[in-house]
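Shown next, in structure tokens, is the structure this report addresses.
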Amino acid sequence: MIDIIIGHYNYWIVILLMMAGFYTVINRGNLIKKIAGLNIFQTSVFLLYISIGYVEGGTTPIIADGFTIYSNPLPHVLILTAIVVGVSTTALGLALVVRIKEAYGTIEEDEIHDQDMSL
Amino acid sequence: MKHNLILRFIAKYFFPVIALFALYVQFHGDYGPGGGFQAGVILSVAFIFYALVFGMKTTEQVLPFGVLRILASTGVLIYAGTGVVTMLMGGNFLDYDTLSLHPLQGQHIGIIVIELGVGITVSAVMLMIFYAFANRENHD
Amino acid sequence: MIEQNLCLLLVVIPLLAAPITAMLPNGKLPWLMTLTVTWLCFTLASWQLSIVIDGSVISYELGGWSPPWGIEYRIDAMNALVALIVAGIAAITLPYALRTVEKEIPLQQTSLFYSAFLLCLVGLLGIAQTGDVFNLFVFLEISSLSSYVLIAMGKQRRALTAAYQYLIMGSIGATFLLIGIGLIYAETGTLNMQDLHLRLQPILDHRTVHTGFAFIVVGIALKLALFPLHLWLPNAYKYSPSAVSVFLSATATKVAVYIMLRMVFTVFSSEFFKITPAENIFLLLGVFGVIVASIAAIYQNDIKRILAYSSIAQISYMVLGMGQASVLGVTATLVHVFNHALMKGALFMAAGAIVYRVGTSKLDSLNGIGRQMPWTFTAIFIAGLSLIGIPGTAGFISKWYFILAALEQQSWLIALVILLGSLFSVVYMWKILEVMFFRPATETDLPVSEAPLSMLIPMWTLVLANIYFGINTELTVNVADTAVKLLGVVTYHE
């Protein structure tokens, strides 16, 4: 029982962050908080990939003299790409929020919904 | 913010330090953590810091928006262009072995060139995003 | 050299053209550049289909690294069909887009609009060509990000909230897909689709594999607009510019159907699909999707929204075909992917022509338009017949295959639901046609003229293609048969 909690602590952290981020996206009505929740959600996925790529006793996956065991380089490269994708999504989302603020005057989702329904 | 002496001093004297660090990260991607994306972000941070202290007008005199657009497109074209050059030399797309007489040297050349393309595009795009957000204030 | 690198040139040519288009001055020049590139991609995609139509497979290694260490582009009949659909719809949309983009997009954003269009094309073609799951995720995100931008360029301010909602839901879907890929990578250590298939076979009963499968299916279902996850689609299709509605409605969700087929039948296998609850869930959600979306379409009073809900219903048909998990079912899905692109492309082009002339797409403002725009009206009429499934049109072929697939598995309920869906589509198409033709024009409506020729010709090309592929089914059915054989779908008789 203790082994499940302590031995797999990286997965527990991933689950915690994932659920926190996902809950924020669904529950919060403020548009910027939704984007922040999406970021936390994506960060938990990055942690998942990197933590499974670790090799016991391995060093960073760059060839250097004196080391024979390296961590798996593939998850690192995948996560670099995924981070760039996440940054682009956040930038696009924030640009949309700026335009929505100029068009509607508010960034609360229910007020925007009221303005749309009243027309 | 340019009336504050400390900020003015630091912005002026740290700009080349940050830019140098960005170039270091860019070209040492082969031998340590680094590469195009990280270097691009650090270089754009240098410009953003300067713009925050001295204002958008001064920064736009150095780097107008049109130049940034051309730089962003150029970086992507360098990357895809390297792939096309390797195809023209007879290999598959992005087969760096064909870029030089020794395959190992070809790999080094290929990686440096595409990381350069990535670095140029990323720094230009980050600055364009900052310009777009910062210039929005004037329209209200 | 072109033949050797053919499958790659389809992705690289728009990728090179997109930044060049962003640098061009605004006006007609970006449109001309995009037109040339899309027509070039269409010729390359047809050439590629002609190579693989007999069942052979093209395999291309990127960077000279052989799979499974490197990224592989692997083209069989199904990939080539999807690539042909995407390139074909893009090629048809460009002549149509000249007038509508001039009217709807401000002049200083024209070159960036066409650049984003080319990037969306790169993403969709890349998904169709690749044989590596992480490359698939990257291209999926490229196409999604550019489609968020394209949708946000609509004229009304609700386009911004529609694009934002699509962004949040689409990013969650893509992240779920990423989690699923991570879990099956942790179990097998490879990212190449063929290699994953081999390595997953002995470990199919591990809980991690089941979890990874669940995440992948839910992630793709968000992009697919499967029934309860379809909330982004009506607003996104209604408020986007006309050319974007045509392009996205005819390609984006079909490519998501292709991703689902590829992941379920190639990476995992159809035997695995049968033992998971996913098969029954697809059938259940497909049934609900058809009924709920068709009824929702009947109650809308805006022509673009009716077509958007109708798209959700048609996607639910495709998911029903997948849920049958039989040879006939998957053949029906592939045939419908092709035919639905033709149908919805023509219908959205007609809706865009109406918006171009009248200025709005609300049904209340369209009284009697049909008599003043006869060509557009006839196009809606024939494409509507195809949507309903009248014999002689392409829609009939897909409905026929769906009903055959349902009857083969003796699911009378599914066959009934398919016929019910056709009945509902009669109701909402009749609603559009009745307002357009049979109502007299009120005094407040200004007289409008027929849509310009540059919009009528692409519209009628798609309408005539509907009729052609309804009579000569050789291309679609042959390609679908070859593709299903290569997928390795096995029919179980219960």
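As you go down the protein sequences, you meet chains A, B and C in turn.
Here the first sequence is numbered in this note's numbering, starting from 1 and rising by one per residue.
Here the second sequence is numbered in this note's numbering, starting from 1001 and rising by one per residue.
Here the third sequence is numbered in this note's numbering, starting from 2001 and rising by one per residue.
Cβ coordinates follow ideal geometry from the N, Cα and C atoms, glycine included.
All values reported here derive from a predicted model rather than from experimental measurement.
C/Ser2422 sits buried, since 16 or more C-beta atoms from the chains shown fall within 10 Å of its C-beta. In the three-state reduction of the DSSP assignment, B/Glu1115 falls in the helix class, which pools H, G and I. Non-local C-beta neighbours of C/Thr2208 in its own chain, meaning closer than 7 Å and more than five positions away in sequence, comprise Leu2183, Ala2186, Glu2187, ordered along the chain.
The count of Cβ pairs closer than 8 Å, one atom from the stretch 2330-2344 of chain C and one from the stretch 2382-2393 of chain C, reaches three, so the stretches are in contact. Scanning its chain for C-beta atoms nearer than 7 Å, with the 5 sequence neighbours on each side dropped, one finds around C/Val2292 the residues Phe2227, in chain order.
Residue A/Ile15 holds the alpha-carbon nearest to the alpha-carbon of A/Phe46 among A/Ile15, A/Leu96, A/Gly57.
Between the beta-carbon of A/Ala95 and that of B/Ala1132 there is about 7 Å, and that keeps the pair under the 8 Å contact cut. In the three-state DSSP reduction, C/Ile2281 falls in the helix class (H, G or I). In the three-state reduction of the DSSP assignment, C/Ser2059 falls in the strand class, which pools E and B. If you check the CB distance, C/Ile2303 and C/Ser2365 do not come in under 8 Å.
Note on geometry: alpha-carbon atoms of C/Arg2099 and C/Met2455 lie some 8 Å from one another. In the three-state reduction of the DSSP assignment, A/Asn10 falls in the helix class, which pools H, G and I. Around C/Thr2251, the same chain offers Ile2085, Val2086, Ile2089, Ala2090, Leu2124, Ala2341 as residues with beta carbons nearer than 8 Å, after the five sequence neighbours per side are excluded. Closer than 8 Å to the CB of A/Asp116 there is at least one CB belonging to chain C. Within the same chain, and ignoring the five residues on either side of B/Thr1074 in sequence, the residues whose Cβ sits closer than 7 Å to its Cβ are Ile1120. Contacts between B/Phe1065 and chain A, judged by CB atoms closer than 8 Å, are missing: the closest CB pair is about 15 Å apart. Counting C-beta pairs with one atom in each stretch, the stretch 2103-2123 of chain C and the stretch 2203-2220 of chain C have fewer than three that are closer than 8 Å, which means they do not touch.
The beta carbons of C/Leu2177 and C/Gly2219 sit about 3 Å from each other, so the pair counts as a contact at 8 Å. Considering only beta carbons, the part of the stretch 1015-1037 of chain B lying closer than 9 Å to chain A consists of Asp1030, Tyr1031, Gly1032, Pro1033, Gly1035, Phe1037, in chain order. Not a single CB atom of chain B sits nearer than 8 Å to the CB of A/Val55. Boundaries for C/Arg2074: no alpha helix (DSSP H) harbours it, while the beta strand (DSSP E) harbouring it runs 2072-2075, taken from the DSSP string.
Excluding sequence positions up to five before and after C/Val2290, its CB lies within less than 6 Å of the CB of Ala2313, Ser2316, Val2417, Gly2421, all in the same chain and listed in chain order. Interface residue (Cβ-Cβ distance to chain A less than 8 Å): C/Ser2326 is not classified as such. Taking 8 Å as the threshold, the shortest C-beta distance from C/Gly2182 to chain A falls below it.
With a threshold of 16 other beta carbon atoms within 10 Å, C/Gln2129 meets it and is buried.
Three or more beta-carbon pairs separated by less than 8 Å are not found between the stretch 2407-2417 of chain C and the stretch 2267-2279 of chain C, which leaves the two stretches without contact. Chain C has a Cβ within less than 8 Å of the Cβ of A/Val85. Bridge pairing for A/Tyr70: A/Thr59 [DSSP].
Assigned with DSSP and collapsed to three states, C/Lys2362 falls in strand. Each residue's CA atom was taken as its position, placing C/Met2078 and C/Thr2331 some 10 Å apart. Straight-line measurement puts the Cα of C/Ile2403 at about 21 Å from the Cα of C/Ile2295. With a cut-off of 8 Å on Cβ pairs, the stretch 1064-1082 of chain B is in contact with the stretch 1102-1120 of chain B, counting three or more such pairs. Taking the CA atoms as reference points, C/Val2287 sits about 7 Å from C/Ile2414.
Positions of the alpha helix (DSSP H) runs, each at least 4 residues long and wholly inside the stretch 2363-2440 of chain C, are given as 2369-2372, 2374-2388, 2394-2408, 2412-2433 in order along the chain. With a cutoff of 8 Å on beta-carbon distance, C/Ile2105 and C/Met2033 are scored as not near each other. Beta bridge pairing from DSSP links A/Asn30 with A/Glu108.
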